[in-house]
Amino acid sequence: MRLNMPKLIRLSTERFVIRTLKPGDASERWIGWAADPDVMEPVNTKPAKMTLKELQNYIGSFDQSRRVLVGVFDKRNDLHIGFYAINRSEKQRTATFNVIIGDKDYWGEKVVLETRAALLDHFFDKEGVEKAIGMPLARNFPAVFNYKAQGWRLEGVLRGHCRSAKGGKRLDQCQFGLLREEWRQMRKAGRAT
Amino acid sequence: MTAIDEARALLASALGVSPGDIAEDTRIGTIEAWDSLGHMRLLLEIETALGHELDPDDAMGIESLEDVARLLAGRAA
Chain A
46 MRLNMPKLIR
56 LSTERFVIRT
66 LKPGDASERW
76 IGWAADPDVM
86 EPVNTKPAKM
96 TLKELQNYIG
106 SFDQSRRVLV
116 GVFDKRNDLH
126 IGFYAINRSE
136 KQRTATFNVI
146 IGDKDYWGEK
156 VVLETRAALL
166 DHFFDKEGVE
176 KAIGMPLARN
186 FPAVFNYKAQ
196 GWRLEGVLRG
206 HCRSAKGGKR
216 LDQCQFGLLR
226 EEWRQMRKAG
236 RAT
Chain B
-17 MTAIDEARAL
-7 LASALGVSPG
3 DIAEDTRIGT
13 IEAWDSLGHM
23 RLLLEIETAL
33 GHELDPDDAM
43 GIESLEDVAR
53 LLAGRAA
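Protein sequence lines, in the order shown, are assigned to chains A and B. Just so we're aligned: 58 in the working numbering is position 13 of the first sequence, and the numbers increase by one with no gaps anywhere. Just so we're aligned: 35 in the working numbering is position 53 of the second sequence, and the numbers increase by one with no gaps anywhere.
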């Protein structure tokens, strides 16, 4: 598994398309998510009013190899509703998942379960990843739910592991893990979502 | 009201279903309405009922009606 070449990703699920994001995908919608406390605070990021150029630079900072940025689009209307930032380790063969569904109309619609399943299939089957990692804040209850519902294993709660972007309070963070063989067994048993 | 009845009412309220829809063995994955937002509402309602924030280990352990009832019963003890 050599991570020195950018790769374009395009995956399709029942309801969504997941594809590599490019600077041209920056939009006022996305800028709105970045400024929305409801969207950003659960991922411990201070809401900020970005310019289109700043957002384009952020998107362009991903090398699409070790740091992968993919968007989630509604198949019905090609509406961009969220994104995954995935950090990979070539040496450890791990992929650490971060996800934001910015469009609140899609919250509670099992978007993460459906799209992350496709990404897990892709990274485990095509990219040589052997372990997936997720590290939501302990009080990001929807994210914690999604990891549990998808069969990831809670490996620990890291006490006071990070500092709140909002005010400096120390926050607990979870580590969830999913091994490639566990995922394949779940797929085989029809339990994976 | 027993802890299991209180837990059923609380879970039903959080998930937006009737208490009659919550079976004794209800857990994540057995009822469609138990989604990410329902889970968030459930934990926040439990915190309101307990009068304090959940310990992370307790929050992580909530996967079933029985888990909710156990937490509520612990409050009364």
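In this text, a Cβ means the ideal position worked out from N, Cα and C, and glycines have one as well.
Shortest Cα-Cα distance from S209/A to any of P181/A, V62/A and S106/A involves P181/A. By the neighbour-count definition (other C-beta atoms within 10 Å, threshold 16), K233/A is an exposed residue. Cβ proximity to chain A below 9 angstroms picks out I10, G11, W16, D17, S18, L19, G20, H21 and M22 from the stretch -4 to 22 of chain B. The Cβ neighbour count for G116/A, taken over all protein chains shown within 10 Å, is at least 16; the residue is labelled buried.
For Q230/A, the number of other beta carbons within 10 angstroms of its own is below 16, and it is reported as exposed. Using beta-carbon distances, M42/B counts as an interface residue toward chain A, with a partner under 8 angstroms. A straight-line Cα-Cα distance of about 18 angstroms links L53/A and V144/A. Look at the stretch 171 to 192 of chain A: the residues with a C-beta under 8 angstroms from a C-beta of chain B are A183, R184, F186, P187, A188, V189, F190 and N191.
Listed in chain order, the non-local C-beta contacts of Q101/A below 7 angstroms within the same chain comprise P68 and A71, local neighbours out to five positions each way being set aside. Between T238/A and T160/A, the gap from beta carbon to beta carbon reaches 8 angstroms or more. If you check the CB distance, F186/A and M22/B come in under 8 angstroms.
The beta carbon of L36/B sits closer than 6 angstroms to those of E29, all from its chain and outside the five residues before and after it, given in chain order.
Contact of C207/A with chain B is not assigned, every C-beta pair being separated by 8 angstroms or more.
Counting only unbroken stretches of 3 or more residues, the beta strand (DSSP E) elements lying wholly within the stretch 155 to 200 of chain A are 176 to 179, in sequence order.
At a cut-off of 8 angstroms, the C-beta of V144/A has no neighbouring C-beta in chain B.
Under the three-state reduction of DSSP, N143/A is assigned to strand. With its beta carbon at least 8 angstroms from every one in chain B, V117/A lies outside the interface. Around the beta carbon of Q137/A, fewer than 16 other beta carbons sit within 10 angstroms, so the residue counts as exposed. Under the 8 angstroms criterion on CB atoms, L25/B is classed as interfacial with respect to chain A. Within chain B, the residues whose beta carbon sits less than 7 angstroms from that of L199/A are M42, listed in sequence order. In the DSSP annotation of this structure, the continuous segment of the beta strand (DSSP E) that includes Q220/A starts and ends at R215 to L224. When E154/A, V174/A, W78/A and L224/A are compared, the shortest CA-CA separation from F190/A is found for E154/A. With a cut-off of 8 angstroms on Cβ pairs, the stretch 5 to 16 of chain B is in contact with the stretch 40 to 47 of chain B, counting three or more such pairs.
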